[in-house]
Structure formats: C-alpha cells, structure tokens
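In the working numbering, the protein residues as written are -10 to 104. First comes the structure, then the notes that go with it.
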C-alpha cells in the first residue's frame, strides 16, 4: 500500500523560505511523476510544481523563479524548496504520486506566510 507523508510546513514571515518534503513508502518511487499542489479554504486544489521520472520539471506561473521541485530516488523523497514566500502562498500543500484515477495523495502540510 502506497503512502505519502509530507512535512516541513509551518509559519514563516514574508520573504522567508521553507523546504517541504514528501516521503513515499510502497511501490517503486523512481518510475512515477511526482507533484506538489496547494489548496486554500473555498478554492480548488491547484498545481504548484511537478517533476517527472526523468526529472523534467514544470511550475505554476505564480511560483516560477521562487520555488524549486526536486527528487531523491534513493530516499523515495520529493522536495519543494520555497523562497521569497508571499502571504498568498499560504495554503495546505499536498504531495501527489502519479496522476488520473491512480493518483495517490498525501495528507498535506500547512504553510502560513504572515508577519
């Protein structure tokens, strides 16, 4: 059974940085695309960044140049480095493995950007 566990969220001041981690257990991590998504109350979950099995990355326009997604297949972990954080980055951040009907989601980690 596949499980994704996110960590690294917390309270940070505007302009600050955080690194989120998502550790996967079960399955073969290296063959899957991984993604980070975020959601705020009353809004749909939105894509933040994705990384393929060959480490090709994509980013939402709102985070380009500030966020970096990476993966360490030896540790079954995907990371999201977030720099120059803004109050509008406040959300619950979710990790996802794969896509479509076979996607697996983590439980989320809360990021709050506030002074």
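Even for Gly, the Cβ is constructed at its ideal location relative to N, Cα and C. Since we're looking at a predicted model, the values are computed, not measured.
Between residue 52 and residue 11, the gap from beta carbon to beta carbon reaches 8 Å or more. Assigned with DSSP and collapsed to three states, residue 44 falls in coil, not helix or strand.
Distance between residue 27 and residue 63, taken at the CA atoms: about 26 Å.
The stretch 41 to 61 and the stretch 90 to 97 do not touch, with fewer than 3 CB-CB distances between them shorter than 8 Å. Residue 33: not part of any beta strand (DSSP E); DSSP gives it neither H nor E. Taking all protein chains shown into account, residue 74 has 16 or more neighbouring C-beta atoms within 10 Å of its C-beta and is therefore buried.
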